[in-house]
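Chemist: I have a structure I would like to understand better, so I am pasting it below and will then ask my questions one at a time.
In this note's numbering, the protein residues as written are 311 to 472.
In structure tokens, the structure reads:
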């Protein structure tokens, strides 16, 4: 993992290095059950205005185990191609990387034309996708060196058969 971050980005590693070594005092603990709310993700509003979808602790635990279930480890570098407001990116991607101690690669915007060069540049070993992303990649013109990468696994929700 590289220790440098782009200008304007705050490093979580840097923030953690300034945190106390002592555990959080019990007086600050809250009771949390598997059915307790962990986070809210807003729907895209396809049937009206966006609505907050309640995501439980159990759903996050299940989602964060997906990378592990596919054999990912702390040594993997996971390219999360989705925006973080997407449940798959937040739960499977970010939570999965945190669970494993793996590195994740994020970009401001997905680019099919830059995808494989990004994978090479950041030593990506695993990428996460939904639906059409793989189709977008297949429609790209072949480029010199596009197969020169370390990607061994793509985890996603499948592709339409057509």
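Ideal Cβ positions, reconstructed from N, Cα and C, are used throughout, including at glycine.
1. Please classify residue 320 as buried or exposed, where buried requires at least 16 neighbouring CB atoms within 10 angstroms.
2. Would you kindly work out how many angstroms separate the C-alpha atoms of residue 311 and residue 358, rounded to a whole number?
3. What first and last residue would you give for the beta strand (DSSP E) that runs through residue 425?
4. What separation, rounded to the nearest whole angstrom, lies between the Cα atoms of residue 398 and residue 392?
5. Taking the straight line between their C-alpha atoms, what separation do you get for residue 410 and residue 467?
6. With H, G and I counted as helix, E and B as strand and the rest as coil, what does DSSP make of residue 311?
7. I think residue 387 touches residue 370, with their Cβ atoms under 8 Å apart; what is that distance to the nearest whole Å?
8. Pair every Cβ in the region 419 to 434 with every Cβ in the region 445 to 464, then say whether three or more of these pairs are closer than 8 Å.
9. How many Å lie between residue 323 and residue 355 at the Cα?
10. For residue 438, report the span of its beta strand (DSSP E) as first-last.
11. Which residues in the same chain as residue 459 place their Cβ atom closer than 8 Å to its Cβ, once the five residues preceding and following it in sequence are excluded?
12. Based on Cα-Cα distance, which residue from 316, 315 and 376 lies nearest to residue 438?
13. Below 6 Å CB to CB, which residues in the same chain sit around residue 339 once its five sequence neighbours on both sides are set aside?
14. Given that a residue counts as buried once 16 or more other Cβ atoms are within 10 Å of its Cβ, and exposed if not, what is residue 406?
15. For residue 363, tell me which candidate among 336, 401 and 351 has the shortest Cα-Cα distance.
Modeler: According to the structure data:
1. exposed
2. The pLDDT assigned to residue 311 is 46, lower than 50, so where the model puts this residue is not dependable; a value taken from the coordinates is nonetheless given after this. So the alpha carbons of these two residues sit roughly 43 Å apart.
3. No beta strand (DSSP E) holds residue 425; the alpha helix (DSSP H) holding it covers 425 to 431.
4. 8 Å
5. C-alpha separation (whole angstroms): 21 Å.
6. Confidence is the limiting factor: at residue 311 the pLDDT is only 46, short of 50, which leaves the residue's position unreliable, though a coordinate-based value still follows. DSSP, reduced to helix, strand and coil, places residue 311 outside both helices and strands of the structure shown, so it counts as coil.
7. The Cβ separation is near 22 Å, so there is no contact.
8. yes
9. 35 Å
10. 436 to 439
11. 426, 429, 430 and 434
12. 376
13. none
14. buried
15. 351
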